[in-house]
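Protein chains in written order, with my numbering: chain A, 1 to 226; chain B, 1001 to 1226.
Protein chains: 2
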Amino acid sequence: MCLEKKTVLIVDDEEDMRFLVSMYLENSGFACLQAKDGEEALQIIRREQVDLILLDIMMPKMDGFTLCARIREQSDVPVLFLTARGDEWDKVKGLKLGGDDYIVKPFSPGELIARIEAVMRRVYQEKHRNGGLSFGPLCIDEKGRKVTVDGETIVLTLKEFDLLLFLAKHHGQVFSRDDLLVRVWGYDYTGNARTVDTHIKTLRIKLKQGSHFIKTVWGIGYKFEV
Amino acid sequence: MCLEKKTVLIVDDEEDMRFLVSMYLENSGFACLQAKDGEEALQIIRREQVDLILLDIMMPKMDGFTLCARIREQSDVPVLFLTARGDEWDKVKGLKLGGDDYIVKPFSPGELIARIEAVMRRVYQEKHRNGGLSFGPLCIDEKGRKVTVDGETIVLTLKEFDLLLFLAKHHGQVFSRDDLLVRVWGYDYTGNARTVDTHIKTLRIKLKQGSHFIKTVWGIGYKFEV
DNA sequence: GAATATTGTGAAAGATTTGTGAAGTATTGT
DNA sequence: ACAATACTTCACAAATCTTTCACAATATTC
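Here it is in structure tokens:
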């Protein structure tokens, strides 16, 4: 539910920095993941649920701007930039990369936490309502395991519901079939990945007008897009 | 909702914490009682009317789990756990002690109030009618432990009634058989989950037209749906 | 535009879950 | 102690869901 620990991914090439920030955050009740470069970050985003990304702008290999753009291709997760000098922020703004906020180094622990919580609040506000998700005509009641489209109840099977719920909860993010098998079916599931296709198919049929949210990402997998 | 002040009992060994939470709540229109340990809490529950309990899990003497179990022996008052780390919730769930929700520390005042009000709404919504629940032809008189369908009295056994009452009170929500065993039979019940099926069966037979509210949710359990 | 890879789809086999009757166990009342 | 009632367990049939597979449709690459 909404009050689980939030997970923050820290992307920075300096190990000390990652470690320090990680300490701050964990003391404040966040779970932390770390990535030392863009590649690692992108992989983690695919595999794990990440609620916010702390992104250093200055990094070798792939810089923060580029990485943010790549992240945005597959996910709506909020991004908070870390920048060493204030003037770099102009670049961020100029490039309009969809970062949600920024912090200038060096920052105090309190400032960092406050910023993160502000972003979280802003982005996840809707989710905090009643545990139910709503996208246009499509409503998903998690506790009641009930789905409606234009007020009409749609009867879904166990896996159909779990799959839809997962995609909707992580809307904006692309998942491969294998990702979905792990996250929805369970890490120990060993079966044909095409099973996902079949469930997507029945979901699309059953959801009718609500099915347009489920997009095929050719060569990758599926995503729920608002 | 009714405009009486609701009373919240805060159970925490740290005085500062009790005081702080108490402030939040009183500013939001709740009346507060405080207990520093399990013994004190149990005494207060016996003496005073308490509408909700905020319970810290980590406490010396009697921990929150144990206390919740003791409370459940004598009262249905909703319990909201406070936990310092997210992973403790696994324990709560694992032990299935019948807490109604949980909050991870540190939490914002707004979050706390929202959670409390959500639980209050759910739990007390129905009670405020007149102590009885009514769904179409089906009436459930909690205090009199009497059920009627189309005015005709239906004789239910203890477990049948408790099961029906629990489902009806939490209508719209799906429960697994294990959830029901914990919440209706008690946290320390160790028996076959299929027992629930048998009681559902007899309920369906006895309730006749009133039985349509009880839905099977394939692969999960049962729910009461209006 | 042909070859290749990926996704959509219908149908059937396979697996799981639920409904149910009956038998066994526990509890209560006399 | 006995009977009556309630509760639990069990086994099997029935219902339902999940997975697989083959082939069609579509997108991408060369």
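Where a beta carbon is used, it is the ideal one built from N, C-alpha and C, also for glycine.
Computed from a predicted model, the values in this text were never measured in an experiment.
Just the chain B side, please: which residues come within less than 8 Å of Thr157(A) by C-beta, in chain order? Stepping through the first sequence from its first residue, residue 157(A) is reached at position 157. Result: Trp1218 and Gly1219.
Per DSSP, what kind of secondary structure is Ile45(A) in: helix, strand or coil? On the first sequence, position 45 is the one that residue 45(A) refers to. Of the three classes helix, strand and coil, the one that applies to Ile45(A) here is helix, per DSSP.
List the whole-angstrom C-beta distance separating Gly1219(B) from Leu158(A), where the pair is believed to meet the contact cut-off of C-beta under 8 Å. The residue labelled residue 1219(B) in the question sits at position 219 within the second sequence. The residue labelled residue 158(A) in the question sits at position 158 within the first sequence. Sure, about 4 Å apart at Cβ, within 8 Å.
Establish whether the CB of Gln1173(B) and some CB of chain A are separated by less than 7 Å. Within the second sequence, numbered from 1, the residue matching residue 1173(B) stands at position 173. Output row for Gln1173(B): interface = yes.
With which residues is Cys68(A) paired in a DSSP beta bridge? Within the first sequence, residue 68(A) is the residue found at index 68, counting from 1. Answer is none; Cys68(A) lacks a bridge partner.
Please report the Cβ distance between Glu1048(B) and Leu1033(B), rounded to the nearest whole angstrom; I am assuming they are in contact, meaning their Cβ atoms lie under 8 Å. Translated into the one-based positions of the second sequence, residue 1048(B) becomes position 48. Translated into the one-based positions of the second sequence, residue 1033(B) becomes position 33. Right, the Cβ-Cβ distance comes to about 6 Å (below 8 Å), so this counts as a contact.
Have a look at Leu95(A) and Ala69(A) and give me their C-alpha separation to the nearest angstrom. As a working note, residue 95(A) is residue 95 in the first sequence. As a working note, residue 69(A) is residue 69 in the first sequence. With a pLDDT of 43 at Leu95(A), under the threshold of 50, the modelled position of that residue is not reliable, and the figure given next carries that caveat. C-alpha separation (whole angstroms): 10 Å.
Does the region 135 to 143 of chain A come close enough to the region 179 to 191 of chain A to have 3 or more Cβ pairs within less than 8 Å? no
Give me the Cβ distance between Leu133(A) and Leu163(A), rounded to the nearest whole Å; I'm assuming they're in contact under 8 Å. Taking the first sequence and counting its residues from 1, the one referred to as residue 133(A) is at position 133. Taking the first sequence and counting its residues from 1, the one referred to as residue 163(A) is at position 163. That pair is no contact at about 14 Å.
In the DSSP output, what is Gly221(A) paired with across the bridge? Numbered from its first residue, the first sequence carries residue 221(A) at position 221. DSSP, once it has assigned bridges, lists Ser176(A) and Val217(A) as partnering Gly221(A).
Using CA atoms only, rank isn't needed, just tell me which of Gly1038(B), Gly1110(B), Phe1161(B) and Glu1160(B) is closest to Asp1059(B). Mapped onto the second sequence, residue 1059(B) falls at position 59. It should be noted that the sequence gives Met, not Asp, for residue 1059(B). Among Gly1038(B), Gly1110(B), Phe1161(B) and Glu1160(B), the Cα nearest to that of Met1059(B) belongs to Gly1038(B).
Let me see if you follow: with CB-CB separation under 7 Å, is Lys143(A) close to chain B or not? If you number the first sequence from 1, residue 143(A) lands on position 143. With 7 Å as the cut-off, Lys143(A) counts as an interface residue toward chain B.
Can you list the residues of chain A that Lys1169(B) reaches, using a CB-CB cut of under 8 Å? Counted from its first residue, the second sequence places residue 1169(B) at position 169. In chain order: nothing, as chain A lies at least about 14 Å away.
Extent of the continuous alpha helix (DSSP H) to which Thr1198(B) belongs: On the second sequence, position 198 is the one that residue 1198(B) refers to. That run of the alpha helix (DSSP H) goes Thr1195 to Leu1207.
Just to confirm my understanding: we take Lys1091(B), look at its own chain, exclude 5 residues before and 5 after, and list those with CB closer than 6 Å. What are they? Translated into the one-based positions of the second sequence, residue 1091(B) becomes position 91. With a pLDDT of only 49 at Lys1091(B), under the threshold of 50, the placement of this residue in the model should not be trusted; the figure read from the coordinates follows. Excluding residues within five positions, none has a Cβ falling inside 6 Å.
Please classify Met1120(B) as buried or exposed, where buried requires at least 16 other C-beta atoms within 10 Å of its C-beta. Numbered from its first residue, the second sequence carries residue 1120(B) at position 120. Classification of Met1120(B): buried, given that the 10 Å Cβ count is 16 or more.
Straight-line gap, Asn130(A) to Asn27(A) (C-alpha atoms, nearest Å): Taking the first sequence and counting its residues from 1, one reaches residue 130(A) at position 130. Taking the first sequence and counting its residues from 1, one reaches residue 27(A) at position 27. Bear in mind that a pLDDT of 48 at Asn130(A), under 50, signals an unreliable position, so the number given afterwards is only what the model happens to contain. Rounded to whole angstroms, Asn130(A) to Asn27(A) spans 28 Å at the Cα level.
Close-in-space but distant-in-sequence residues of the same chain around Lys206(A) (CB under 6 Å, 5 per side omitted): Mapped onto the first sequence, residue 206(A) falls at position 206. Ile154.
First and last residue of the uninterrupted alpha helix (DSSP H) at Val21(A): Residue 21(A) sits at position 21 when you count from the first residue of the first sequence. Here the alpha helix (DSSP H) through Val21(A) covers Glu15 to Asn27.
How many angstroms separate the CA atom of Leu55(A) from the CA atom of Asp1197(B)? Position 55 of the first sequence, counting from 1, holds the residue named residue 55(A). Position 197 of the second sequence, counting from 1, holds the residue named residue 1197(B). C-alpha separation (whole angstroms): 52 Å.
Identify, in the order they occur along the chain, each residue of the same chain with its Cβ nearer than 8 Å to the Cβ of Tyr1024(B), setting aside the five sequence neighbours on each side. Residue mapping note: residue 1024(B) aligns to position 24 of the second sequence, counting from 1. Hits under 8 Å: Pro1109, Leu1112 and Ile1113.
Residue closest to Cys84(A), alpha-carbon to alpha-carbon, out of Phe161(A), Lys169(A), Phe213(A) and Glu14(A): On the first sequence, position 84 is the one that residue 84(A) refers to. Sequence inspection shows Ala at residue 84(A); the Cys mentioned does not correspond to that position. Closest option to Ala84(A), Cα to Cα, is Glu14(A).
Residue ranges of each beta strand (DSSP E) within the region 1143 to 1177 of chain B, 3 or longer: 1146 to 1149, 1152 to 1154 and 1174 to 1176
Measuring straight from C-alpha to C-alpha, what distance separates Val79(A) and Lys105(A)? Within the first sequence, residue 79(A) is the residue found at index 79, counting from 1. Within the first sequence, residue 105(A) is the residue found at index 105, counting from 1. Distance between the alpha carbons of Val79(A) and Lys105(A): 16 Å.
Exposed or buried, what is Val146(A) when buried is set at 16 or more other beta-carbons lying within 10 Å of its beta-carbon? Position 146 of the first sequence, counted from the start, is the residue given in the question as residue 146(A). Sequence inspection shows Lys at residue 146(A); the Val mentioned does not correspond to that position. Counting Cβ neighbours within 10 Å, Lys146(A) comes out buried, since at least 16 surround it.
Please report the distance separating the alpha-carbon of Val174(A) from that of Glu160(A). Here residue 174(A) refers to the residue found at position 174 of the first sequence. Here residue 160(A) refers to the residue found at position 160 of the first sequence. Looking at the two C-alpha atoms, the distance is approximately 18 Å.
Is the beta carbon of Ile44(A) sitting closer than 7 Å to the one on Ser75(A)? For the purposes of this step, residue 44(A) is taken as the residue at position 44 of the first sequence. For the purposes of this step, residue 75(A) is taken as the residue at position 75 of the first sequence. Not closer than 7 Å, so no.
Going by CA-CA distance only, name the one from Glu142(A), Leu82(A) and Val21(A) that's closest to Ile57(A). Indexing the first sequence from 1 puts residue 57(A) at position 57. Among Glu142(A), Leu82(A) and Val21(A), the Cα nearest to that of Ile57(A) is on Leu82(A).
Run through chain A and tell me which residues come within less than 8 Å of Lys1223(B), C-beta to C-beta. Reading the second sequence from its first residue, position 223 is the one you call residue 1223(B). Neighbours of Lys1223(B) on chain A, chain order: Gly144 and Arg145.
Grouping DSSP H, G and I as helix and E and B as strand, with all else coil, what is Val1182(B)? By 1-based counting over the second sequence, the position of residue 1182(B) is 182. Here Val1182(B) sits in helix by DSSP.
Check the Cβ-Cβ distances between Leu1020(B) and every residue of chain A, and say whether any is below 7 Å. In the second sequence, counting from the first residue as 1, residue 1020(B) sits at position 20. By this cut-off, Leu1020(B) is not an interface position.
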